[in-house]
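Report on one structure; see the data block that follows.
There are 2 protein chains.
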Amino acid sequence: MIRHVVTFALKEDTSADDLREVEEALGKLPGLIPELVSYEFGRDLGLNAGNGGFAVTALVEKPEYVGSYLDHPEHLRIRHEILGPHVAGKTAVQFAVPDRD
Amino acid sequence: MIRHVVTFALKEDTSADDLREVEEALGKLPGLIPELVSYEFGRDLGLNAGNGGFAVTALVEKPEYVGSYLDHPEHLRIRHEILGPHVAGKTAVQFAVPDRD
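If you read the protein sequences in the order shown, they are chains A and B.
Numbering-wise, the UniProt record's numbering puts 2 at position 2 of the first sequence, and it's gapless, one number per residue.
Numbering-wise, the UniProt record's numbering puts 44 at position 44 of the second sequence, and it's gapless, one number per residue.
Below, the structure is given as structure tokens:
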């Protein structure tokens with residue numbers, strides 16, 4: 001399986017309402033993208049100084065399904081129109097993980 | 001539950017052997033840190049340009065267990081002695097996720 005992970009640094013003026021809008025939009029993606037085996041996202045809890053502000057992680061069965069997710073029109077819309085305006089930086093990684101039992 | 005995610009940018013001279021050493025060391029942590037409900041890590045697969053080089057994700061039940069992991073002596077040893085020398089940048093985020101069924 002493939003674990004997709006993205007961490008985001010957020011612009012300072014990002015509000016809780018902005019993040020609620022992001023979370024509501026991302027929350028609809030599993031219903032639109034069947035390739036997503038699991039999908040988690042959220043704002044940083046403030047447990048450690050120097051952290052990023054938001055993260056998304058998805059699990060898919062095959063490498064090509066990462067593209068099914070990333071290139072899905074609704075994901076692209078969220079990325080460019082809802083989350084994108086608040087992003088100061090981001091790092092994405094996709095790595096292989098053992099198949100689930 | 002709490003999802004902990006870290007993405008790493010790696011220095012250019014990081015070798016496959018370096019990453020194998022990191023992976024072998026990280027692979028021992030679940031056996032040493034019972035608070036880890038799930039633990040995944042790996043090198044980027046090169047599916048997308050501009051990605052980071054490595055990522056770790058852990059799932060724990062409570063916020064305070066993030067510290068049990070991060071401050072564990074073996075985690076600190078790996079962080080400073082094995083992975084740290086290869087890190088050009090990193091972003092960590094911890095966010096809340098629904099309890100598992």
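Even for Gly, the Cβ is constructed at its ideal location relative to N, Cα and C.
Please classify residue i as buried or exposed, where buried requires at least 16 other C-beta atoms within 10 Å of its C-beta.
i, result
"E61(A)", "exposed"
"L36(A)", "buried"
"H80(B)", "exposed"
"K90(A)", "buried"
"E64(B)", "exposed"
For residue i, which of helix, strand or coil comes out of DSSP?
i, result
"V22(A)", "helix"
"A96(A)", "strand"
"L10(A)", "strand"
"N53(A)", "A quick correction: the sequence has Gly, not Asn, at residue 53(A). Three-state DSSP puts G53(A) in coil, outside helix and strand."
"H72(A)", "coil"
"E40(A)", "strand"
"L59(B)", "strand"
"I78(B)", "helix"
"D31(B)", "Before going further, note that residue 31(B) is Gly rather than Asp in the sequence given. Helix at G31(B)."
"G67(A)", "helix"
"G84(A)", "helix"
For a contact defined as C-beta to C-beta under 7 angstroms, what are the partners of residue i on chain A?
i, result
"L47(B)", "P63, V66, Q94"
"R43(B)", "F95"
"E21(B)", "Per Cβ cutoff of 7 angstroms: no residues; E21(B) is ~16 angstroms from chain A at best."
Residues of chain B with a CB under 9 angstroms from the CB of residue i: which are they?
i, result
"R77(A)", "Within 9 angstroms Cβ-Cβ: nothing; R77(A) doesn't reach chain B, min ~19 angstroms."
By Cβ distance, which residues of its chain are closer than 8 angstroms to residue i, with the 5 residues on each side in sequence left out?
i, result
"H75(B)", "L29, I33, Y69"
"P98(A)", "M1"
"A55(A)", "V5, V6, T7, F8, F41, G42, D44"
If you drop the 5 nearest sequence neighbours on each side, which residues of the same chain put their C-beta closer than 7 angstroms to that of residue i?
i, result
"V93(A)", "V5"
"I82(A)", "E21, V22, A25"
"A96(B)", "I2"
"G52(B)", "T7, F8, A9, D44"
"N48(B)", "none"
Can you pull the chain A neighbours of residue i, defined as C-beta to C-beta under 9 angstroms?
i, result
"E74(B)", "In chain order: nothing, as chain A lies at least about 19 angstroms away."
Note down, in chain order, every chain B residue with its Cβ under 7 angstroms from the Cβ of residue i.
i, result
"G84(A)", "Correct list: empty, because the minimum Cβ distance to chain B is about 15 angstroms."
"E12(A)", "Those do not exist, as E12(A) stays about 16 angstroms from chain B at its closest Cβ, beyond 7 angstroms."
"L40(A)", "Looking at the sequence shown, residue 40(A) is not Leu but Glu. By Cβ distance, chain B contributes R3, V97."
"G52(A)", "T91, A92, V93"
For residue i, return the contacting residues in chain A, with the cut-off set at a CB-CB distance below 8 angstroms.
i, result
"V5(B)", "V5, T7, A55, T57"
CB-CB under 6 angstroms to residue i, same chain, minus the five flanking residues each way: which ones, in chain order?
i, result
"L19(A)", "R43"
"H86(B)", "L10, K11, T14, D18"
"T57(B)", "V5, E40"
"H72(A)", "I33"
Which partner residues of residue i appear in the DSSP bridge assignment?
i, result
"G89(B)", "A9(B)"
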